[in-house]
Each structure stands twice: as structure tokens, then as C-alpha cells.
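> Would you mind keeping the following structure in view while I ask a few things?
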Amino acid sequence: PAHITSSPTTTRVFCICRKQHSSTHHYHLTISISQSISRYKNISDKMKLSTAAILLSSTASLVSAFTTPAVTQRTFRVNGGIATTQLNGLYDDNLESALERELDYKPGQAKGDLAKRFGHLVGVEVRTVGEAFSDFTRILGCSINALYKNMVTDIVGSTHLTVVDARFKRNPLWSLGLLNTMDFLLKNYPERDIAERIVSALIQSIGMDEAEIRAEANHVLDYIEGKTVEDITADIESAEGSSPIASFSADAKADQFWMYSRFIGLGLVKVSEVVGVEQTADSAGQQIEKWMYAMDKPTYTAMADSDQWFRTKAKLDMMETLMKEIEIREKKRMADRLEEKAEMALMKAETEAKMQKELEEKEKARTESLQGV
């Protein structure tokens, strides 16, 4: 048990006592930290909370009054007071300078490689998802089928968030994945012209040219046509040459902050399909894992996207089969109705012909009877 007392300038922590083997041991630990708060009066609440969290973490050594520490403690000296912590490696110097670094932090001006590369983008305005979807709706100029509306909305939003990331770089695999995904998802859209307009509006809403994206995707497809899995693997591993696969791999390996996105993974799925990999979640996923590993990139997200693709594909294939069965049954009903109409028309024609013949016979008989008179 512990009791904490505070004053404007000090914080004192007293660990009361405990009994062990009929003897009483008294432990007294005082942490005295001068709080020179005058120069930090204008810091934000958020930074105050961060500072408090650091100070709180420094009291973790209180447990050493009751147990033997498992790691070596670090000692910080603050204005003559002493505080200990077991959080090795949190800071490399005294606590006061660590707090100063915390308070003097400015976005994009850190010393790390990420800040050096992207720090110039601090404060740049980025379009919101709402603005992107407004542009998409304006460009499309018509309503979307209710069955597809949620799916298209999600794709527009997620694609926008991908391309506004500072690390994003478009590549032919991404373009192939985008077009292949949209073609597959919209292949059963009732109005084909609107399906094509949806793809065009999506590309324009993210600020890209549809002709360029289609050219990049076709370039990849033309290259991998007739290639084997081994050929593609060799391109990725060597990252040498002018092929779109080798260039893609070289860019990924050379960029410390290379960004993976879902359409890259789906582009690799399409590549695996063209080069003859069995299109199952296990087979395609394992091959994509090997390709990502060959580029020295994390594999988990790409495999997860591959698994999701095949789950979605299975559902859409099942829906397509169901729709075809419904279409076949509807066509059969229509054929039956047409056959019934044809039979009824034939019966009507036969009845009319019979009635006409009877009328003609009656007219002939009446004429003959009048002539006899």
C-alpha cells in the first residue's frame, strides 16, 4: 500500500510498511521533482497529459520496494532530486531534457528519415473523402443500382484514402489490380454503359487519367502472356531489366517507405492467374507470399487481401450461378407462356375457320333454295 501527498513544488510517495517473519520493515521513498512550470504555462492539455504520463512511468520503480527488480534500473537527476525507472531505453539522457524535447516537438521537423522525406508536406491541404465522393457523383451523373451502391461507395472512399497518402506511388501492378477488380465486381451490372461510367468516374475522382491506367495494365498483361511462375519470380528476385514486373520490384526494394495497397495485391492475384497458378486461396496466397518475401516486404496484408478476394469471388460466383438459374427458369416460363399463346391462337384460328365454313355452307344452301323458288 502507498500514500501520495502533493504540494505545488513537490510530490512525495510514502510506502507504509509490511510484515515478514514477525518483523516489520519500513520503507520510505521520496521522489522530489521540481516543477518549473513557469516556462510551460501555455502548453496544450494534450502535452500536459503526455508529460504527466512520463512522470507517472518514472514511479514504476516503487515496485522495487517489495520485489527484486528483474532489470537494471536507470536513474535520472532532476534539480537535485533522484527518480528511478525500469523503462530502459525510453530516454537516453536525463528526464528534464526528455521533457523539453516533448514540449518543443514540431510536426515534420523530427530528425528521423520519415520526417526528412515527407516533412515538407506538413500543412498541405488534402481533399476529404466527402469531397472525393461528391466529385465521383458529379462525374457519374446518374444513380447507382441499389445492390451495388454500398460497394461502390466503399471503393471510392478507400481508394481516395490510399492515393492521398504521401507514400503512395502508382505503378502498373496497382493499375492492373484496380481495373481487374472493377471489371469483376461490375460484370453483372444490369446496365453495361453505367458500369463503364462508374469505373471512369472512380478514376477521375482520384485525379488520374483512365487512358494511362488502362495502358499500364495492358502493358503488364502483354508482358506476362506466355510467361511461367518461374519467369515472374526471377524478375521479382533480380529486379533488373525493363519489364514492368522487374521495375515494380526494383522500386519496392529501393524505397524504405514503399507503400503496399490492396490493388497491388489484387494485381499480383491477376498475374498469378495468367501465369497458371491454381486459383484457390491457398495456392495463390502462397505464391503471392513468395513474391512479397522476394521483395523484402511484409507478406501478411497481401495474403489477407488475397484471401478476401477469393472469399468475395466465391460469393459473387454463387450469386452469378443463382442469377443464371433464375434467368433460365424465367426463360422457360416465358417459352411456356408463348407456347400457350400459340396454341390458343391456333385453336382460335381453327374455330374461326370452322365457323366461316359453316356460314358459307348456310349461305350456299339459302342461295340454292331461293333459286329453286
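Position 145 (the sequence shown) corresponds to 160 in my numbering; numbering is contiguous.
Ideal Cβ placement from N, Cα and C applies to all residues, glycine included.
Note that the coordinates shown come from a computational prediction; the quantities given were computed from them, not determined experimentally.
#1: Are there 16 or more other CB atoms within 10 angstroms of the CB of K330, so buried, or fewer, so exposed?
#2: Where does R277 land, buried or exposed, given buried means 16+ other C-beta within 10 angstroms?
#3: Could you compute how far the alpha carbon of R132 sits from the alpha carbon of K268?
#4: Using 8 Å as the threshold, is the region 251-262 in touch with the region 153-170, meaning 3 or more CB pairs across them?
#5: Rounded to whole angstroms, what is the Cα-Cα separation between M197 and A130?
#6: What is the DSSP secondary structure of Q124, counted as helix, strand or coil?
#7: Can you give the Cα-Cα distance for A380 and R348, rounded to whole angstroms?
#8: Kindly indicate which three-state DSSP category L201 falls into: helix, strand or coil?
#9: With DSSP as the reference, label Q371 as helix, strand or coil.
#10: Can you tell me the Cα-Cα spacing of T90 and I170, whole angstroms?
#11: Do the CB positions of D266 and N186 come within less than 8 Å of each other?
#12: Do P259 and V289 have their C-beta atoms closer together than 8 Å?
#13: Could you pull out every residue in the same chain whose Cβ sits closer than 8 Å to the Cβ of W189, ignoring the five residues on either side in sequence?
#14: Measuring straight from C-alpha to C-alpha, what distance separates E354 and R207?
#15: Can you find at least 3 beta carbon pairs, one from the region 139-150 and one from the region 203-222, that sit closer than 8 Å?
#16: Between the C-alpha atoms of C157 and A216, what's the straight-line distance to the nearest angstrom?
#17: Determine the extent of the alpha helix (DSSP H) in which S149 is found, giving its start and end residues.
#18: Does DSSP put K242 in a helix, a strand or coil?
#19: Between the region 310-330 and the region 360-375, do three or more beta carbon pairs fall short of 8 Å?
#20: Around the Cβ of A368, are there at least 16 other Cβ atoms within 10 angstroms (buried) or fewer (exposed)?
#21: Return the CA-CA distance between E211 and T168, expressed in angstroms with no decimal places.
#22: Within its chain, find whatever has a CB closer than 6 Å to the CB of R182; leave out the 5 residues flanking it on each side and keep chain order.
#23: According to the Cβ coordinates, are T314 and Y308 closer than 8 Å?
#24: Are I228 and V286 closer than 8 Å when you measure CB to CB?
#25: When you compare only the Cα positions, how much space is there between H12 and D351?
#26: Would DSSP call Y308 helix, strand or coil?
#27: DSSP three-state label for I276, please.
#28: For V137, count the other beta carbons within 10 Å of its own beta carbon; 16 or more makes it buried, fewer makes it exposed. Which is it?
In short, the structure shows the following:
#1: exposed
#2: buried
#3: 17 Å
#4: no
#5: 35 Å
#6: coil
#7: 48 Å
#8: coil
#9: helix
#10: Note that T90 scores 46 on pLDDT, short of 50, meaning its location in the model is unreliable and no value can be drawn from it.
#11: yes
#12: no
#13: S276, F278, I279, G282
#14: 31 Å
#15: yes
#16: 11 Å
#17: 144-155
#18: coil
#19: no
#20: exposed
#21: 16 Å
#22: F272, M274
#23: yes
#24: no
#25: Lying outside 16 to 388, the shown extent of the chain, residue 12 is not represented and no answer is given.
#26: helix
#27: In the sequence as displayed, the identity of residue 276 is Ser instead of Ile. Three-state result, S276: coil.
#28: exposed
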